[in-house]
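Student:
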Amino acid sequence: MRIHSERGLKMETLDYHDTRKQTIVELQNQIWAREQGASPNAKTVYSTGCSDLDALLPSGGVRRGSLIEWMGNSSASRAGTLSLIAGKEVCSQESPVVLIDMHHELFPLSLSLLGFDLARVILIRPSSEKEALWACEEALRSESIGLVWANIERLSSTSFRRLQLASEASAGIGFLVRSAKAIQQPSWAEARLLVRPSPSRQGSPCVQVEVASSYRKPRRSQADIMINRQKGTLHGTTTSANPLPMATRLGITAAYQHSA
C-alpha cells in the first residue's frame, strides 16, 4: 500500500487491513517530515559501505537522528550480522558503539572478526526487556555515542516513539534487530528492512534484503547482498566481490522534500 501526505511524501509499507493502522502510519509520516525539517542534522547521511544497500534506504544511506529496523524470521536470516557490519561502517572511528544484546548472541571474538575495535564497544546484556529499553533510550540520548544496536523483540508504539525522539534529539543512529513477526506492528523507524538468507556465492553467505516500509520511497526496493565475514564488509551481488576499499563515511548531504 502507498500512502501520500499533503505534499506528495510517500511511504511504502505492507498491506494493512486495519484502517486505524493506516491512519497511524500517515500521521507518523507527517510528523517525521516536520521534525526533520527543523533538525540541523537531518541532512547528514552516512554510507553502509555497500551502494546496493544504501539504495534501499530513503536517504540513500543512514541518516543521523534515525532508527532503522532489520527484520528476519530467525537468527539464520543473518539480519544481525548484516546490521552489525553496516553499523560499523556508519559509526565514526572515534565514537563508542553500544550493543544491547537481549539474547546473548554477541561475543568479543566474533565482533573483532567483523572489524569492530573492542576498545570502543560497550556490550550490554540486560536481564529484562524493561532494562533493555531503558538502556537503549539512554544511549540514544547521548550525543557522544556513534551507534546504538539492540535486538529488542517487543516494542509498544509509545516505547518506539520514545526511542525515535531520543535519536532525533541527539542526532544519534539506532539499529533495531527484530523478528519479521513485528512487521504488522506500527513503527517509528525511518525504514524497515526484511532480511532473508539466499544461496551463497563465491563461498560467501548472501542475503536478500527487501524494503518492508519506508517513510519515503527509496531508489530500490530489493537487493542481494554478499557478506564477507573475513573482512567484515558488504557487497552487492551486481558488483565485484573484491572491490576497491570504500570510504567509510561519506558525509554526504541528501536532498529532502519537506512538508509545509
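Position 106 of the sequence shown, counted from 1, bears residue number 106 in my numbering, the numbering being contiguous throughout. For every residue, glycine included, the Cβ atom is placed at its ideal position computed from N, Cα and C. Just so it is clear, the structure is predicted and the values come from calculations on it, not from any experiment.
Count the other C-beta atoms from every protein chain shown that fall within 10 angstroms of the C-beta of residue 119, then say buried if there are 16 or more, exposed otherwise.
Tutor: Locating residue 119 in the sequence shown gives position 119, counting from the first residue. By the 10 Å Cβ count, residue 119 comes out exposed.
Student: Based on the DSSP secondary-structure assignment, which residues constitute the bridge partners of residue 83?
Tutor: The sequence position of residue 83 within the sequence shown is 83, counting from 1. According to DSSP, which records beta bridges pairwise, residue 83 is partnered with nothing at all.
Student: In terms of DSSP beta bridges, what is residue 222 paired with?
Tutor: For the purposes of this step, residue 222 is taken as residue 222 along the sequence shown, with counting starting at 1. According to DSSP, residue 222 bridges with 210.
Student: Have a look at 177, 227, 202 and 198 and flag the residue whose alpha-carbon is nearest the alpha-carbon of residue 85.
Tutor: Walking along the sequence shown from the start, residue 85 turns up at place 85. For residue 85, the nearest C-alpha among the options comes from 227.
Student: Please classify residue 76 as buried or exposed, where buried requires at least 16 other C-beta atoms within 10 Å of its C-beta.
Tutor: As a working mapping, residue 76 is identified with position 76 in the sequence shown. By the neighbour-count rule (16 or more Cβ atoms within 10 Å), residue 76 is not buried but exposed.
Student: Once DSSP output is grouped into helix, strand and coil, what is the label at residue 204?
Tutor: If you number the sequence shown from 1, residue 204 lands on position 204. Reduced to three states, the DSSP call for residue 204 is strand.
Student: Applying the criterion that 16 or more other CB atoms from any shown protein chain within 10 Å of the CB defines a buried residue, is residue 94 buried or exposed?
Tutor: Your numbering for residue 94 matches position 94 in the sequence shown. Flag for residue 94 reads exposed.
Student: So residue 209 and residue 225 are supposed to be a Cβ contact under 8 Å. How far apart are they, rounded?
Tutor: Start at 1 with the first residue of the sequence shown, and residue 209 comes out as number 209. Start at 1 with the first residue of the sequence shown, and residue 225 comes out as number 225. Confirmed, about 6 Å.
Student: Determine the DSSP secondary structure at residue 141, reduced to helix, strand or coil.
Tutor: Within the sequence shown, residue 141 is the residue found at index 141, counting from 1. Helix, per DSSP.
Student: Rounded to whole angstroms, what's the CA-CA distance from residue 117 to residue 233? Just pull it up for me.
Tutor: Mapped onto the sequence shown, residue 117 falls at position 117. Mapped onto the sequence shown, residue 233 falls at position 233. Taking the straight line joining both Cα atoms gives about 15 Å.
Student: Does the distance from the C-beta atom of residue 171 to that of residue 56 stay below 8 Å?
Tutor: Stepping through the sequence shown from its first residue, residue 171 is reached at position 171. Stepping through the sequence shown from its first residue, residue 56 is reached at position 56. No, the Cβ-Cβ distance between residue 171 and residue 56 is not below 8 Å.
Student: Have a look at the DSSP bridge pairing and note the partners of residue 191.
Tutor: As a first step, residue 191 is located in the sequence shown; it is residue number 191 there, counting from the start. DSSP, once it has assigned bridges, lists 68 and 214 as partnering residue 191.
Student: Can you tell me where the beta strand (DSSP E) with residue 106 in it begins and where it stops?
Tutor: Within the sequence shown, residue 106 is the residue found at index 106, counting from 1. No beta strand (DSSP E) holds residue 106; DSSP gives it neither H nor E.
Student: Among 110, 112, 98 and 151, which has the Cα closest to the Cα of residue 138?
Tutor: Within the sequence shown, numbered from 1, the residue matching residue 138 stands at position 138. When each option's Cα is compared against that of residue 138, the closest is 98.
Student: Is residue 160 helix, strand or coil when you go by DSSP?
Tutor: Translated into positions along the sequence shown, residue 160 becomes position 160. Looking at residue 160 - three-state DSSP - the assignment turns out to be helix.
Student: Taking just the CA atoms, how far does residue 133 sit from residue 159?
Tutor: Along the sequence shown, read from residue 1 onward, the residue named residue 159 stands at position 159. Along the sequence shown, read from residue 1 onward, the residue named residue 133 stands at position 133. Cα to Cα, the separation comes out at about 8 Å.
Student: I'd like the list of long-range same chain contacts for residue 175, defined as Cβ closer than 6 Å, with 5 residues on each side in sequence excluded.
Tutor: Counting from 1 along the sequence shown, the entry for residue 175 is found at position 175. Answer for residue 175: 68, 83, 87 and 149, listed in chain order.
Student: Can you tell me which of 78, 107, 49 and 45 puts its alpha carbon nearest to the alpha carbon of residue 59?
Tutor: Translated into positions along the sequence shown, residue 59 becomes position 59. Out of 78, 107, 49 and 45, 45 has the C-alpha closest to the C-alpha of residue 59.
Student: If you count every other CB in all the chains shown that lies within 10 Å of the CB of residue 203, and 16 or more means buried, which is it?
Tutor: By 1-based counting over the sequence shown, the position of residue 203 is 203. Under this definition residue 203 is an exposed residue.
Student: Sorted by chain position, which residues of the same chain lie with C-beta nearer than 6 Å to residue 161's C-beta, five sequence neighbours on each side aside?
Tutor: Here residue 161 corresponds to residue number 161 of the sequence shown, with the count starting at 1. These residues qualify, in order along the chain: 188.
Student: On the DSSP letters alone, give me the boundaries of the alpha helix (DSSP H) that residue 51 sits inside.
Tutor: Along the sequence shown, read from residue 1 onward, the residue named residue 51 stands at position 51. Unbroken alpha helix (DSSP H) run through residue 51: 51-54.
Student: On the DSSP bridge assignment, give the partners of residue 149 in chain order.
Tutor: Mapped onto the sequence shown, residue 149 falls at position 149. According to DSSP, which records beta bridges pairwise, residue 149 is partnered with 99 and 175.
Student: Classify residue 105: buried if its beta carbon has 16 or more other beta carbons within 10 angstroms, exposed otherwise.
Tutor: For this step, residue 105 is matched to residue 105 along the sequence shown. Burial call: exposed.
Student: Kindly indicate which three-state DSSP category residue 123 falls into: helix, strand or coil?
Tutor: The residue you call residue 123 lines up with position 123 of the sequence shown. Residue 123 falls in the strand class under three-state DSSP.
Student: What whole-angstrom Cβ distance do residue 347 and residue 201 have, given they're in contact under 8 Å?
Tutor: For the chain, the structure presents residues 1 to 260; residue 347 sits outside this window and is missing.
Student: Going by DSSP in three states, residue 117 sits in which element: helix, strand or coil?
Tutor: Looking up residue 117 in the sequence shown gives position 117. DSSP places residue 117 in coil when its eight states are reduced to three.
Student: State buried or exposed for residue 173, treating a residue as buried only when at least 16 other CB atoms are found within 10 Å of its CB.
Tutor: Taking the sequence shown and counting its residues from 1, the one referred to as residue 173 is at position 173. That one is buried.
Student: For the putative contact between residue 71 and residue 178, defined by C-beta atoms under 8 Å, what is the C-beta separation to the nearest angstrom?
Tutor: Numbered from 1 along the sequence shown, position 71 holds the residue referred to as residue 71. Numbered from 1 along the sequence shown, position 178 holds the residue referred to as residue 178. Indeed they touch by this definition, with Cβ atoms about 5 Å apart.
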